[in-house]
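Asks: Residue numbering for the sequence shown follows the numbering used here, starting at 38 and increasing by one per position. First the structure, then my questions, so here it is.
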Amino acid sequence: MLHLVVCAAPPAAQVDELIRHVHGDGWAVCLVPTPIATTWLDVHALEGLTGHPVRSRPRRPDEPRLPPADAVAVAPATFNTINKCAAGINDNAALGVINEAIGLGLRVVIAPYVKPTLAAHPAFARALRDLTAYGFTVLPTNAIGPPDGTTSFAWRPVLNSLPARRPAGEISAPEDPS
C-alpha cells in the first residue's frame, strides 16, 4: 500500500496519471492531500480510481483507519509541506502520514515542486538536508516538472524511487545469519 500525499502545486491537477502509473507498478494507493490541495482535486473521481477514501483531514475516532502503508510518496511536495515536515509540524492529515512514516521506518519519497524564488530560501535547503538525514529519498527540486514544450508532468522519477512490489502473498526467504 502506497500512501500518496499530494500538495497544492500544479502537478496535483494530474495526480490521477501518477495513480494509474503506480497501479501499473503493482501498488494500491490511498490518497492524502493537504487541505488546500483537496480543493483542487475531484475527490469523488479519485476515490473511485483508488478504491479508498481520500483522507484530507484527521480521521474521527469512529472512522476506520486507512490500510497500513508500505511506503509514502509526497508528489508534488511544496515549500510549505517540506519545511513543516522537516520541523516536525503535524497540523494536518498529510503531514501526519509523512511524520508517522519516520517512526514506522517506511520508505518516503519526496518530489519537491517549488518555484525558484522559494527554492532559494535558506530554510528550504536546510529542510531538504534534514529530510535526507531522516532517510527520505529526496528527488531533485522540480524533477517532476513537465519536459519542455509539454503539459504532462514527469512521474517516472517518483516511480523509480519506490521499492519494487512483490506479488500478493509472496514471502521473502529469511536471510542467512552466517
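A virtual CB, placed ideally from N, CA and C, is assigned to each residue, including glycine. Every value quoted in this text rests on a predicted model; they were computed, and no experiment measured them.
Use the C-beta contact count for residue 141: other C-beta atoms within 10 angstroms, 16 or more gives buried, fewer gives exposed.
Replies: So residue 141 ends up on the exposed side.
Asks: Would you identify the three-state DSSP class for residue 111, choosing helix, strand or coil?
Replies: In the structure shown, residue 111 sits in a strand (DSSP, three-state: E or B).
Asks: Taking 8 Å as the cut-off, decide whether the C-beta atoms of residue 40 and residue 109 are in contact.
Replies: A contact, by the Cβ cut-off of 8 Å.
Asks: In three-state terms, what does DSSP make of residue 174?
Replies: Residue 174: strand per DSSP, three-state reduction.
Asks: Quick one: residues in its chain with C-beta nearer than 8 Å to the C-beta of residue 212, no 5 flanking neighbours on either side, listed in chain order?
Replies: Residue confidence is low: residue 212 scores 44 on pLDDT, short of 50, so the model does not pin down where it sits. Its coordinate-derived value is still stated next. Once the five neighbours on either side are set aside, residue 212 has no close Cβ partner at all.
Asks: Got a sec? Which residues, its chain only, sit under 7 Å from residue 95 by beta carbon, not counting five neighbours each side?
Replies: Excluding residues within five positions, the ones whose Cβ falls inside 7 Å are 130 and 133.
Asks: With burial defined as no fewer than 16 other Cβ atoms inside 10 Å of the residue's Cβ, what is the status of residue 93: buried or exposed?
Replies: Classification for residue 93: buried.
Asks: Are the CB atoms of residue 69 and residue 42 nearer to each other than 8 Å?
Replies: It is a contact, given that the beta carbons lie within the stated cut-off.
Asks: Using DSSP's beta-bridge definition, name the partner residues of residue 43.
Replies: Paired residue(s): 70.
Asks: Rounded to the nearest angstrom, what separates residue 175 and residue 102 at their Cα positions?
Replies: The straight-line gap from Cα to Cα measures roughly 27 Å.
Asks: Nearest-angstrom Cα distance between residue 63 and residue 105?
Replies: Each residue's Cα considered, the two are about 16 Å apart.
Asks: Going along the chain, which residues of its own chain have a beta-carbon closer than 7 Å to the beta-carbon of residue 45, five neighbours each way excluded?
Replies: These residues qualify, in order along the chain: 71, 73, 74, 77 and 115.
Asks: Within 10 angstroms of the Cβ of residue 119, are there 16 or more other Cβ atoms? Answer buried if so, exposed if not.
Replies: Classification for residue 119: buried.
Asks: If I follow the unbroken beta strand (DSSP E) through residue 153, where does it start and stop?
Replies: Looking at the DSSP string, residue 153 is not in any beta strand (DSSP E); the run it does join, the alpha helix (DSSP H), is 153 to 156.
Asks: For residue 148 and residue 111, which I take to be in contact (beta-carbon distance under 8 Å), what is that distance rounded to the nearest angstrom?
Replies: Yes, residue 148 and residue 111 are in contact; Cβ-Cβ is about 7 Å, under 8 Å.
Asks: With H, G and I counted as helix, E and B as strand and the rest as coil, what does DSSP make of residue 146?
Replies: Looking at residue 146 - three-state DSSP - the assignment turns out to be strand.
Asks: Tell me which residues share the same chain as residue 89 and place their Cβ nearer than 8 Å to its Cβ, disregarding the 5 neighbours each side in the sequence.
Replies: So the qualifying residues of the chain are 65, 66, 67, 68, 103 and 104.
Asks: Only counting the same chain, and skipping five residues up and downstream in sequence, which positions put a Cβ closer than 8 Å to that of residue 158?
Replies: These residues qualify, in order along the chain: 116.
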